Structure formats: structure tokens, C-alpha cells
Amino acid sequence: MKKKRTSFIFFILGILLFTRCSNEVDLYADYKDITIVYGVLNASEDTSWIKITKAFSGPGNALIIAHNPDSSNYPYKLNATLNGRVNSNDLPPISLDTMTIYHKLEGDSVFYYPKQLMYFTTEPLDVNATYTLNIENKQQTTSAVTPLIGNFTITYPFNTMDFMFDHDIKWNSVKNAKRYEVTTIFNYKEFLPGTYEYTLNLFINLKSIYTNPVQVSKDTEGGENMELPYKGENFFTELENKLEDIPNVQRWTGPVDVMISAGSEVLHYYIEINDAAANSILQELPNYTNINNGTGIFASRHSVVKSTKLSGATERTLVEDYNLGFKYKTK
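Residue numbers for the sequence shown follow numbering that gives the first Met the number 0, so the first one is 0 and each next one is one higher.
Given below as C-alpha cells:
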């Protein structure tokens, strides 16, 4: 793994996790072609996306330059491939194609919108493989390696999730993962007055039940018992803060979904270093990367979801002790 210092490289990261850029631009430096890669593989997804751009500089306002796609996109298609390897056996190489997507909104970052040029493949990935990304650009080859993350088990909650007391979300760590982030979603139905035909299926992200939703495993070997405590009373507080009792509107409780997103070691350190940099007053900070002959990251992730019912005691308390329109189900 290597750490580099850069003076004018802009990272286009909004498509996956966040967008961050360096404010230091040498307007008169000689241009140097630096390939920027951002890819996070997930074997459970039907499409793998990789963002490949280049560093840029030029005379004038850097923010204006950033609005021009030609400043960061290569004018030609790069030869990009994914090469998998399982137990010393090479898998057939996967060639990446290009596609322009239109998901980017104005205000997401200083970069151009709404179009984004992406490299992608719909070929299934082998979860047991380690993948090497190779990018051939004229006389230079840029590369990076990542293992994939497989499935893992959430051991608590079981069939119901209780908020009458404090508990721990529990799971077993998985090989090749280092960082785990827990999200808990409370689903509910909302009915218009006097009818069960017009229903809104709504949800609330229960962020406040966790002091910190991130846990880090001791290593990446897997099999470690992981726990994340949550405050039961904060469930009711969060609903009070986000819901109001609307006259004649009835609500029914729905399932509680616990999602745990696991990230590889590279992804973990990349996020940690960039979060630290965002809160630093230093002018020049190290850039963490695992890209050879380039910068950015090539990593992996995987998410599991466990859907449970709200415990009977929690539902009863919500219906009988809080004026939020929740009623017992009648059909």
C-alpha cells in the first residue's frame, strides 16, 4: 500500500460514497497524465461500475475547468479489464465497456453534470476470486488488486427487534472485510382518513439509536464475533422527532430491517484518512491509494439485510403510550 501527496488532483467520488477535491492547484505546472480510479466491487450486484478519469490543470479558475468534461475524461476509450484468480487458477478476463449515465445532479460537487462516463461490466464476479484491474493507456499501465467479500450472518436480532431495553446488534465478521457499518430501517404504513385502499409505504432511518454505526474488525480473516450496542429508548425519541399525529390518519407498524455493509481493508483506510483530512487544518495531507501508476482506490464491499418484526412489547408501547397515530392492525 502506498501514500502519495498530490497538488491538483480532483477525485470524482459522488457516485458511490462521497465527493472530495483538493483546493491546491498549480496553474503553471507542466501537465502530467495521472490516471484516477474509483471502483468498489460487489459480487452480489448485477453490474460493476468503475470510474476512470485523469488529473487536470490549466490557466484560469479551477472551478470553471471542473465543469468541462474534457478536462477530466480521456478523449479515447481505455483498454480496461478485470482479471480474476482463484486458488492459483486464472479466470477468463472481463473487458470493461463504457456508458454515459445521467444520475449526477447540480450541486453534488464542483464537477460537470448530469452526464458521467463510466466503465462497467455485467459479467458475474466470482466471490472467491481476487481481481486485478488493468488499464492500458498508451505507454502506461495502471493496475490495482482487491479480493471480494462474501456473505455473512447477522445473529441478533432473531425474529423480532426489541426497543424496550438496550441491546446489541450481533454478527460474524467475514473474510476480506475490515469495516462494518450498520443501518436500521423502521418501515410503516400510513392510511388516508377512512380508507385502507390508499396506502403510503414509508420508512425512517433510525440513526440516533447508535452512538457510532461503524465497527472495525481486528483482522480480515473472518469468524470474529462482532457487536454494536443500540439505545432502545432512542427509537421512540426518533419517531417523536420525525412524525406528527395527523387527525384521522392511521399508521401500522411494519418490519424492521437491519443492514450491515462490509468494506474491504483498503476501503476502510481510505474513508478513515479522508474523514480525518476533511477535519484537518493542514494545507497538505497524504492521499491514500492502492493504485499502481495512478491514484484513487480499487476496493470491495458487500451488504446483508435481516428483516424482523417489531417486538410485541415495543408495538404495544408505541400504540398505547405515544400520540403518533399508530394503531393495531385490523386486517
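For every residue, glycine included, the Cβ atom is placed at its ideal position computed from N, Cα and C.
This structure is a prediction, so every number in the text was calculated from the model and none was measured.
Inset, instruction - Check each candidate in Lys328, Thr121, Asp244 and Ser172 and name the one with the smallest Cα separation from Val215. - result: Ser172
Legend entry - Alpha-carbon to alpha-carbon, Val213 and Ile49: 25 Å
Inset, instruction - Have a look at Val248, Leu199, Glu239 and Asn150 and flag the residue whose alpha-carbon is nearest the alpha-carbon of Gly222. - result: Asn150
Inset, instruction - Please state whether DSSP places Lys305 in a helix, a strand or coil. - result: strand
Inset, instruction - Answer with buried or exposed for Glu196, where buried requires no fewer than 16 other C-beta atoms within 10 angstroms of its C-beta. - result: exposed
Legend entry - Thr183 in three-state terms, based on DSSP: strand
Legend entry - Buried/exposed call for Lys326, threshold 16 Cβ in 10 Å: exposed
Inset, instruction - Taking all protein chains shown into account, decide if Gln138 is buried (16 or more other Cβ within 10 angstroms of its Cβ) or exposed. - result: exposed
Inset, instruction - Just the C-alpha distance for Asp45 and Thr121, rounded to the nearest angstrom, thanks. - result: 6 Å
Legend entry - Run of the alpha helix (DSSP H) containing Asp32, from where it starts to where it stops: Careful: Asp32 lies outside any alpha helix (DSSP H) and carries neither H nor E.
Inset, instruction - Assign Thr200 to one of three DSSP states: helix, strand, or coil. - result: The sequence shown places Asn at residue 200, not Thr. Of the three classes helix, strand and coil, the one that applies to Asn200 here is strand, per DSSP.
Inset, instruction - Could you say if the segment 248-255 and the segment 287-304 meet the contact criterion of at least three C-beta pairs nearer than 8 Å? - result: no
Inset, instruction - Look up Ala128 in the DSSP assignment and say whether it is helix, strand or coil. - result: coil
Inset, instruction - Taking only the alpha-carbon atoms, compute the straight-line gap between Ile168 and Arg250 and give it to the nearest angstrom. - result: 26 Å
Inset, instruction - Rank Pro146, Asp96 and Leu191 by C-alpha distance to the C-alpha of Asn175 and give the top, closest one. - result: Pro146
Legend entry - Cβ-based neighbour list, Ile93, same chain, cut-off 7 Å, excluding 5 preceding and 5 following: Thr80, Leu81, Thr120 and Glu122
Legend entry - Pair within 8 Å by beta-carbon distance, Tyr209 and Leu238: no
Legend entry - CA-to-CA distance, Ser142 to Tyr37, given in whole angstroms: 12 Å
Inset, instruction - Keeping to the same chain, check which residues put their C-beta closer than 6 Å to that of Asp244; ignore five residues upstream and five downstream. - result: Asn322, Leu323 and Gly324
Legend entry - Cβ pair Arg84, Thr140 closer than 8 Å: no
Inset, instruction - Provide the residue span of the alpha helix (DSSP H) that contains Asn241, from first to last. - result: The amino acid at residue 241 is misidentified as Asn; the sequence shows Lys. Element bounds for Lys241: Glu232 to Lys241.
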